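According to our numbering, the residues represented by the sequence shown are 78 to 158, in order. Here's the structure we're looking at; comments come further down.
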Amino acid sequence: MHIRPVRLDRLAQELQYIQHIYNAAWANNWNHTPMNDDEIAHLARSLRPFIDPDLVLLAEDGDRPVACRSRCPICIRRSSR
């Protein structure tokens, strides 16, 4: 298992990994709608300026992404008041 920061130079591919992980993790939850390619493309365009690679991590088993984690420090600060 290897944990690494998301690579902004290949953000579209990284977000496809996250899409797959997200959809697999939520697949058996009631009323879940899988995230589609258009939604991922929108995320790539809208979130890119705000992504801190040190706060968005991918876990890989060999060369296969198996988990992801992200943090939003602004949200954390606001929720801790």
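Note that CB positions come from ideal geometry on N, CA and C, so glycine has one too. Here the structure is a predicted model, which is why all the values come from computation and not from measurement.
Identify whether residue i lies in helix, strand or coil by the three-state DSSP scheme.
i, result
"histidine 97", "helix"
"arginine 148", "coil"
"isoleucine 117", "helix"
"aspartate 129", "coil"
"aspartate 86", "helix"
"alanine 136", "strand"
Whose CA, out of the options, lies closest to the CA of residue i?
i, options, result
"glutamate 137", "Pro130, Asp131 and Cys145", "Cys145"
"leucine 120", "Leu85, His79 and Met78", "Leu85"
"asparagine 108", "Ala89, Leu134 and Asn100", "Asn100"
Round the Cβ separation of residue i and residue j to the nearest angstrom and send it over; I've been treating them as touching at under 8 angstroms.
i, j, result
"serine 117", "glutamine 96", "At residue 117 the sequence reads isoleucine, which differs from the serine that was named. Isoleucine 117 to glutamine 96, Cβ: 5 angstroms. Contact."
"isoleucine 98", "proline 126", "Their Cβ separation, rounded to whole angstroms, is 23 angstroms, which puts isoleucine 98 and proline 126 out of contact at 8 angstroms."
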